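Protein sequences appear in the order of chains A and B.
Take 1 as the starting number for the first sequence in the numbering used here and just add one per residue.
Take 1001 as the starting number for the second sequence in the numbering used here and just add one per residue.
For each residue, glycine too, the CB sits at the ideal point set by N, CA and C.
Quick caveat: nothing in here was measured; it's all calculated off a predicted structure.
This report refers to the structure that appears directly beneath it.
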Amino acid sequence: MKKVSLWEIFAVFAKIGTFTIGGGYMMIPAIQDELSRRHWISDEELPDIVALAQGAPGLLTVNMSIFAGYRLRGVPGGIVATLGCIFSPIIFILLIAMFFRSFSDNPLVVRIFAGVRPAAVAVMFAFTVKLAKGNGRCWWKWLMSAATLLLIALLDISPIYAILVTIAGALGINMWREKK
Amino acid sequence: MSELELLMQLFSTFFLIGMFTFGGGYAIMSLIQSEIVTGRGWITESMFTDIAAISQTTPGPIGLNCSTYVGYEVMRNAGAGQLMSVAGSITASLAIILPSFLIMLAIVRFYTKFHENRNFKAVMDALKPVVVGMIAAASFALTLKFQPGQTPFITVITDNFPDWKSWAIAAAAFAASYFGKQGPIRVILGGALLGILLFP
């Protein structure tokens, strides 16, 4: 395979970052399309990449960019791909953030956001319910979800501790099981 | 606290959030909510709700958009000028991706081995229900305030839900999102339209 230039990697990921709205899961098809059209990554590899990018902490899209960039050109490729996909979203948000402050007292903007706020919260609730269905009929998963919710909401415990304890617990139980 | 110190705290807070985010954009939002809104009180619930809505309707990864915006807003709230606020947004954006960048580079090297690792799978399996609880907690935190040991025990976040019209919009948005399977952009834009129609 011909060596891909760093500039080309930057340009392709900048395109992905600029034209996909809606976050990680919406971006997977766009990334898949761009990468497989250029034969940068085979269709068999893609599910593996998605699984790995989801398993690693952080942003799904950024993780996929790092992975693909690295496969093409090593560490510089990973850096360039990441910078490409974050470049225009950062500029875009900065422009909004700067202008929103001067318009936030505008009566029309106030009315718009009076409607946007409850809608945005409802979208999060709907996402929570969708995600919770993944617990299925497994009682300990429901118990863990409920315990996490109560610890954070009532006792103000940071979710980071919940994650740390879960990782340690899962590793411990799995190692103990495999030892038997 | 000087502006430079705040910038450093932004970096360390977002680095920590980036390291412990499993499960994408909404998981990042739930961590920002607990660490920055509730934990440090750097921005208000209603401002964060606005940011969450804007992050979902503009191009780019939701978690990144949210971090960029929160970084800017935290500096502005502390009285920083335009330039330092831009520095805040760039600091937050880079800090949120740096841990995953380092971890992904490590994973890529042992790609095949890691993928089949049973410990890795066990951890992923156990984290999923915890992420459900986290995102549920963040959703509640933008709706209600819990005050253990005080009366009233529960109060409504009135900036987000001032009256019955807000609850009506929320119910319609939930129905459109969950039962109607509409994407976040349409639902949030629909909320904007209802806001113009219902609020004087």
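Legend entry - Cβ-based contacts, 8 Å cut-off: residues of the segment 1148-1163 of chain B near chain A: Pro1148, Asp1159, Asn1160, Phe1161, Pro1162
Inset, instruction - Spell out whether any CB of chain E is found under 7 Å from the CB atom of A:Val121. - result: Going by chain labels, chain E is absent from the structure shown, which instead holds the protein chains A and B.
Legend entry - Neighbourhood of A:Pro89 by C-beta, 6 Å cutoff - its chain only, sequence neighbours within 5 removed: As a working note, residue 89 of chain A is residue 89 in the first sequence. Cβ within range, chain order: Gly17.
Legend entry - chain B contact residues for A:Ile41, given Cβ-Cβ distances below 9 Å: Along the first sequence, one-based indexing puts residue 41 of chain A at 41. Those do not exist, as A:Ile41 stays about 13 Å from chain B at its closest Cβ, beyond 9 Å.
Inset, instruction - Identify the contact partners of B:Phe1174 in chain A, using a Cβ-Cβ distance below 7 Å as the criterion. - result: Against the second sequence, residue 1174 of chain B aligns to sequence position 174. By Cβ distance, chain A contributes Ala122, Phe125, Ala126.
Inset, instruction - Please specify which runs of the alpha helix (DSSP H), each continuous and at least 4 residues long, are wholly inside the segment 1069-1129 of chain B, giving them in chain order. - result: 1082-1109, 1111-1116
Legend entry - Nearest neighbour of B:Phe1011, chosen from B:Gly1023, B:Glu1035, B:Phe1022 [CA to CA]: The residue given as residue 1011 of chain B occupies position 11 in the second sequence. For B:Phe1011, the nearest C-alpha among the options comes from B:Glu1035.
Inset, instruction - Select from the segment 1093-1124 of chain B all residues with a C-beta closer than 8 Å to any C-beta belonging to chain A, and list them in chain order. - result: Ser1093, Ile1096, Ile1097, Pro1099, Ser1100, Phe1101, Ile1103, Met1104, Leu1105, Ile1107, Val1108, Tyr1111, Phe1114, His1115, Arg1118, Asn1119, Phe1120, Ala1122, Val1123, Met1124
Inset, instruction - Answer yes or no: does any C-beta atom of chain A fall closer than 7 Å to that of B:Ser1139? - result: Start at 1 with the first residue of the second sequence, and residue 1139 of chain B comes out as number 139. Output row for B:Ser1139: interface = yes.
Inset, instruction - For B:Asn1065, return the contacting residues in chain A, with the cut-off set at a CB-CB distance below 7 Å. - result: For the purposes of this step, residue 1065 of chain B is taken as residue 65 along the second sequence, with counting starting at 1. The contact set of B:Asn1065 on chain A, defined by CB atoms closer than 7 Å, consists of Pro89, Ile93 in chain order.
Legend entry - Cβ-Cβ distance between B:Val1130 and A:Thr128 below 7 Å: For the purposes of this step, residue 1130 of chain B is taken as the residue at position 130 of the second sequence. For the purposes of this step, residue 128 of chain A is taken as the residue at position 128 of the first sequence. Result no, Cβ atoms of B:Val1130 and A:Thr128 do not sit closer than 7 Å.
Legend entry - Exposure of A:Ser145, with buried meaning 16 or more beta-carbon neighbours within 10 Å: Here residue 145 of chain A refers to the residue found at position 145 when the first sequence is read from its first residue. With 16 or more other Cβ atoms within 10 Å, it is buried.
Inset, instruction - Determine, using beta-carbon pairs with one atom in the segment 1052-1066 of chain B and one in the segment 107-125 of chain A, whether at least three such pairs fall under 8 Å. - result: Short answer: they touch.
Legend entry - Beta-bridge pairing of A:Gly78 - partner residues as DSSP gives them: For the purposes of this step, residue 78 of chain A is taken as the residue at position 78 of the first sequence. Its beta-bridge partners do not exist; DSSP assigns none.
Inset, instruction - Starting from A:Ile157, trace the beta strand (DSSP E) both ways and give me its first and last residue. - result: For this step, residue 157 of chain A is matched to residue 157 along the first sequence. From DSSP, A:Ile157 is part of no beta strand (DSSP E); its letter is neither H nor E.
Legend entry - Unbroken alpha helix (DSSP H) run spanning B:Ile1032, endpoints: On the second sequence, position 32 is the one that residue 1032 of chain B refers to. 1025-1032 is the extent of the alpha helix (DSSP H) around B:Ile1032.
Inset, instruction - Name, in chain order, the residues that DSSP records as bridge partners for B:Val1156. - result: In the second sequence, the residue the question calls residue 1156 of chain B occupies position 156. Note: B:Val1156 sits in a beta bridge opposite B:Leu1144.
Legend entry - For B:Gly1190 and A:Leu95, the rounded distance between their alpha carbons: On the first sequence, residue 95 of chain A is found 95 positions in, with the first residue counted as 1. On the second sequence, residue 1190 of chain B is found 190 positions in, with the first residue counted as 1. Straight-line Cα distance between these residues: approximately 23 Å.
Legend entry - C-beta neighbour in chain B for A:Gly115, strict 7 Å: To locate residue 115 of chain A, count along the first sequence from 1; it is residue 115. Interface residue, yes.
Inset, instruction - With 7 Å as the threshold, decide whether the Cβ of B:Phe1199 is near any Cβ in chain A. - result: For the purposes of this step, residue 1199 of chain B is taken as the residue at position 199 of the second sequence. At least one chain A Cβ lies under 7 Å of B:Phe1199.
Legend entry - Distance cut-off 6 Å: B:Glu1005 Cβ against heavy atoms of the ligand ZN: What this structure holds is no ligand at all, so the ligand ZN is not there to describe.
Legend entry - Beta carbon of B:Ile1043 nearer than 7 Å to that of B:Glu1073: By 1-based counting over the second sequence, the position of residue 1043 of chain B is 43. By 1-based counting over the second sequence, the position of residue 1073 of chain B is 73. Yes, Cβ-Cβ distance for B:Ile1043 and B:Glu1073 is below 7 Å.
Legend entry - Amino acids of chain A, ordered along the chain, whose beta-carbon sits closer than 7 Å to that of B:Ser1030: The sequence position of residue 1030 of chain B within the second sequence is 30, counting from 1. By Cβ distance, chain A contributes Pro159.
Inset, instruction - Answer yes or no: does any C-beta atom of chain A fall closer than 7 Å to that of B:Ile1043? - result: The residue given as residue 1043 of chain B occupies position 43 in the second sequence. Interface annotation, B:Ile1043: not in contact with chain A, CB-CB separation never under 7 Å.
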